[in-house]
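Enquirer:
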Ligand SMILES: *Cc1c(COP(=O)(O)O)cnc(C)c1O
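Residue numbers (the numbering used here): 12 to 417.
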């Protein structure tokens, strides 16, 4: 086994060696280092061909037209471009936007900023299983609603939204639909010829590509989505995203998408089997709760609350396993996860939440080790914990809260 055991694939993935090889071929004098905009010579034209071939691979993964793919620095930038870009371009149609409480900060923080610019935002609350009911979306739409932005797969719980049903509503009401698919692309089939989605964000480092590159899908047919750019400069990407294209990042993202597309179903089946094995092992412990949906979930994510334990204490006890509490972004701020709170978990449950995320290089040996080590640590911590006694004896939540007060 390789140490530490890596079970944090939802935060980032290691680059696939095949992807790293492609990236390395675009860097130095003997490689494809030219500026893709330098159409006057063979080196620039070779780089442009590498960029367009990568665009074909990204488009193929989504069954989109390559002309609908705009490069960006990651899903954060793609989300910013989608939300600011649409709300500014359609300001005369309206200034209302619908999203959910369980979105990534790269959507929620943009919404907060848009509110300060005069937009109104509706934040839908999901059910306790994490799903947004399509009827909730329908009920939130107003005559001045321009855009609905909902994620495909939640990065903390792995819950998968029903994009077809939600898109049918937005399409029929003439409202645009943006999807943050950073956690879904390459893992679940996404067919943009069939799905009524208008904009979709991707990140390469969530699918075994490099950090610092992503893309925004912008629908061209049947009607073209208009966007106000965030960056102005050399007119690259049809004026929607200026800046010299990073050939090495782009070629690597193309290769990552090609590999993901080729192996999607068998790879996801293998990961799901490992995830189920992990859950079966952990569920033998007392008071372990699943945060998420039992069926509508992505294969690689398992979010569980070890009730009566602070997740940080558990992770400190297990330095040989790399996992996340809540999510990587919220754990920096030490607040309980906004996603778990939005699906109705109390502070006590949210504090005990650990997100295990599995991926391409996870092995059955790693899962079996993790089940053993987590089980031993949970039992040890509970034996030490004054919080655990009242919880175990079934006392009510107030007693637990009281015991938790320093
Ligand atoms: C990782 C992630 C992002 C941010 O992507 P970057 O490429 O790191 O900017 C956005 N949304 C979701 C759902 C993510 O998982």
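Ideal Cβ positions, reconstructed from N, Cα and C, are used throughout, including at glycine.
With DSSP run on the structure shown, which of helix, strand or coil describes residue 362?
Expert: Sequence index remark: in the chain shown, residue 362 carries index 351 (1-based). DSSP places residue 362 in helix when its eight states are reduced to three.
Enquirer: Go through its chain and collect everything with a Cβ distance to residue 104's Cβ below 6 Å, but skip five positions before and after it.
Expert: To locate residue 104, count along the chain shown from 1; it is residue 93. These residues qualify, in order along the chain: 157.
Enquirer: With a threshold of 16 other CB atoms inside 10 Å of the CB of residue 409, please say whether the residue is buried or exposed.
Expert: Here residue 409 corresponds to residue number 398 of the chain shown, with the count starting at 1. Any reading at residue 409 must be qualified, since the residue scores a pLDDT of 48, below 50, and its modelled position is unreliable; no value is offered.
Enquirer: Count the CB pairs spanning the segment 141-156 and the segment 98-114 that are closer than 8 Å, and state whether there are at least three.
Expert: As far as the Cβ criterion goes, the segment 141-156 touches the segment 98-114, which means the pair count is three or higher.
Enquirer: If you compare alpha carbons, which of 184, 43, 233 and 25 is closest to residue 261?
Expert: The residue labelled residue 261 in the question sits at position 250 within the chain shown. Checked all of 184, 43, 233 and 25; the closest Cα to residue 261 is 43.
Enquirer: Check whether the Cβ of residue 353 lies closer than 7 Å to any heavy atom of ligand 1, and answer yes or no.
Expert: Taking the first residue of the chain shown as position 1, residue 353 is located at position 342. Residue 353 Cβ: outside cutoff for every heavy atom of ligand 1.
Enquirer: Taking residue 68 as part of the alpha helix (DSSP H), name the residues at either end of that continuous run.
Expert: For this step, residue 68 is matched to residue 57 along the chain shown. Residue 68 -> alpha helix (DSSP H) spans 53-73.
Enquirer: Going by other Cβ atoms of all chains shown within 10 Å of its Cβ, with 16 needed for buried, is residue 257 buried or exposed?
Expert: Position 246 of the chain shown, counting from 1, holds the residue named residue 257. Buried is the call here.
Enquirer: Between residue 322 and residue 363, which are expected to be in contact by the criterion C-beta below 8 Å, what is the C-beta distance as a whole number of angstroms?
Expert: What you label residue 322 is simply residue 311 of the chain shown in a count that begins at 1. What you label residue 363 is simply residue 352 of the chain shown in a count that begins at 1. With a Cβ gap of about 6 Å, residue 322 and residue 363 count as contacting.
Enquirer: Looking only at its own chain, which residues have a Cβ that is under 7 Å from the Cβ of residue 307, when we skip the five neighbours before and after it?
Expert: Residue mapping note: residue 307 aligns to position 296 of the chain shown, counting from 1. Closer than 7 Å at the Cβ level, and outside the excluded window around residue 307, lie 142, 170 and 171.
Enquirer: For residue 249, I'd like the list of residues in its chain whose CB is within less than 7 Å of its CB, leaving aside the five on either flank, ordered along the chain.
Expert: For this step, residue 249 is matched to residue 238 along the chain shown. None.
Enquirer: Looking at the structure shown, is residue 356 part of a helix, part of a strand, or coil, going by DSSP?
Expert: The residue you call residue 356 lines up with position 345 of the chain shown. Coil.
Enquirer: To test your reading of the DSSP string, which unbroken alpha helix (DSSP H) runs of 4 or more residues are found completely within the segment 119-206?
Expert: Segments of the alpha helix (DSSP H) lying fully in the segment 119-206: 145-151 and 174-183.
Enquirer: Sorted by chain position, which residues of the same chain lie with C-beta nearer than 6 Å to residue 350's C-beta, five sequence neighbours on each side aside?
Expert: As a first step, residue 350 must be located in the chain shown, where it is residue number 339. 113 and 167, listed in sequence order.
Enquirer: Keeping to the same chain, check which residues put their C-beta closer than 7 Å to that of residue 269; ignore five residues upstream and five downstream.
Expert: Position 258 of the chain shown holds residue 269. Cβ within range, chain order: 68.
Enquirer: Using a Cβ distance threshold of 8 Å, determine whether the segment 61-77 contacts the segment 193-202, with at least three qualifying pairs required.
Expert: With the cut-off at 8 Å, the segment 61-77 and the segment 193-202 touch.
Enquirer: Could you name the residues of the same chain whose beta carbon sits closer than 7 Å to that of residue 90, not counting the 5 residues immediately before and after it, in chain order?
Expert: Walking along the chain shown from the start, residue 90 turns up at place 79. Excluding positions up to five away in sequence, the list reads 117, 118, 121, 191 and 212.
Enquirer: Which residues does DSSP pair with residue 234 in a beta bridge?
Expert: Mapped onto the chain shown, residue 234 falls at position 223. Paired residues: none, contrary to the question.
Enquirer: Since residue 226 sits in a beta bridge, which residues does DSSP pair it with?
Expert: If you number the chain shown from 1, residue 226 lands on position 215. Paired residue(s): 82 and 213.
Enquirer: Which runs of the beta strand (DSSP E) at least 3 residues long sit entirely within the segment 255-331? Give them in chain order.
Expert: Complete beta strand (DSSP E) runs here, min 3: 299-301 and 312-317.
Enquirer: Does the distance between the C-beta of residue 12 and the nearest non-hydrogen atom of ligand 1 fall short of 7 Å?
Expert: Residue numbering aside, residue 12 sits at position 1 when the chain shown is read from its first letter. Incorrect: residue 12 has no Cβ contact closer than 7 Å to ligand 1.
Enquirer: Can you give the beta carbon distance from residue 33 to residue 266, rounded, assuming they're within the 8 Å contact cut?
Expert: Here the question's residue 33 lines up with position 22 in the chain shown. Here the question's residue 266 lines up with position 255 in the chain shown. Contact flag correct, Cβ pair sits at about 4 Å.
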